[in-house]
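In terms of the numbering used here, the sequence shown opens at residue 313 and continues consecutively. In this text, a Cβ means the ideal position worked out from N, Cα and C, and glycines have one as well. Quick caveat: nothing in here was measured; it's all calculated off a predicted structure. Have a look at the structure below before the remarks.
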Amino acid sequence: MDGQPRYLWVADLLRRPILDGELEPGSRLPSRSRLARTYGVSEQVSRHALRLLVSEGLVEARPGSGYYVRTVPQIHRFSRTDRSSGAGVDPLQRADLGTRTETVCGIVARRLELRDGVRVFRTSCLGMADDMPVALHTAWEPAALTQGTLRTPADAEAGTSVLQRLGAAGVAIDRVVEEVGVRPLREPESSLLKLAPGLPVLVVERTHYQGRRPVETSDLVGSIDHCRLLYRLSLARSPKREGR
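Okay, structure coming up:
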């Protein structure tokens, strides 16, 4: 055990067959008392080992039944590599929550470089997989850009990207800045995603620019069990030197 705490040693003995696939999803793990007898440790040690595996997302505890190998969730990858990337919740099924106008303030106002109180369009949708919400997308853009036209977010046809819609309104987007992080889930996000408040979630803050002016900003909030970001980076080749 190399001096490591005994619960880490027991957890490692259980973790390996789970990650190697020897223990399939749904397999029941030995009880705390059986683990204690098998490995010559106390039940407190075996309890800590099982709780560690639960915190790692490898095991789930079923009250009154025991501990089971957790089913591997289906992973959904969001492409961030082309001109249509960041289009809401693609590739998930989209469930629109609607567009409304509101006055902006605080963080969103700073991201759009607007004064507090300026009106914006706010558009939200859920990303669904097998009728289960796994991602929430919320976008804000200054209402002055498209108000009074047929290019507002509420008028956009299904499948129309932000670049296409604002481009048709004469707003040419030429730069995108994206910041990725993890934070605790907040209300009302937790109600929409049917997850407990405070759980860690993936957050992508994305802002579209026309020159130096931000013209749209959005948050993609996704379950860390189901959502991944897929980046493909094109690297410029160095010019060949003469004589080689």
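- In summary, P465 is buried, with 16 or more beta-carbon neighbours lying within 10 Å of its beta-carbon over all protein chains present.
- Comparing C-alpha distances from S535 to each of S358, R495, Q522 and V432 shows the shortest one belongs to R495.
- In the three-state DSSP reduction, D443 falls in the coil class, being neither helix nor strand.
- DSSP places D324 in the helix class (H, G or I) of the three-state scheme.
- If you compare the alpha carbons of I485, L404 and L426 with that of H449, the shortest gap goes to L404.
- The distance from the Cβ of G338 to that of V381 is about 6 Å, consistent with a contact at the 8 Å cut-off.
- Residue R363 holds the alpha-carbon nearest to the alpha-carbon of L326 among Q356, L532 and R363.
- By the beta-carbon neighbour count (other beta carbons within 10 angstroms, threshold 16), Y543 is exposed.
- Taking every protein chain shown into account, the CB of A361 has 16 or more other CB atoms within 10 angstroms, so this residue is buried.
- Around the C-beta of A456, fewer than 16 other C-beta atoms lie within 10 Å, and the residue is accordingly described as exposed.
- Residues of the same chain with a CB within less than 8 Å of the CB of I330, apart from the 5 flanking positions on each side, are L365, L370, V371 and V381 in chain order.
- With contacts defined by Cβ atoms closer than 9 Å, H520 and G439 do not form a contacting pair.
- Between P454 and R431, the C-beta spacing is below 9 Å.
- In the three-state DSSP reduction, Y543 falls in the coil class, being neither helix nor strand.
- In terms of Cα proximity to V492, the closest of A468, L532 and D428 is L532.
- Residue ranges of uninterrupted alpha helix (DSSP H) with 4 or more members, entirely inside the region 403-450 and ordered along the chain, are 418-424.
- It is roughly 14 Å from the alpha-carbon of E355 to the alpha-carbon of L341.
- Distance from the CA atom of V474 to the CA atom of V384, rounded to whole angstroms, is 34 Å.
- In this structure, R359 is the residue among R359, R392 and E368 with its C-alpha nearest to the C-alpha of G378.
- A straight-line Cα-Cα distance of about 15 Å links V513 and S367.
- Straight-line measurement puts the Cα of L426 at about 16 Å from the Cα of G523.
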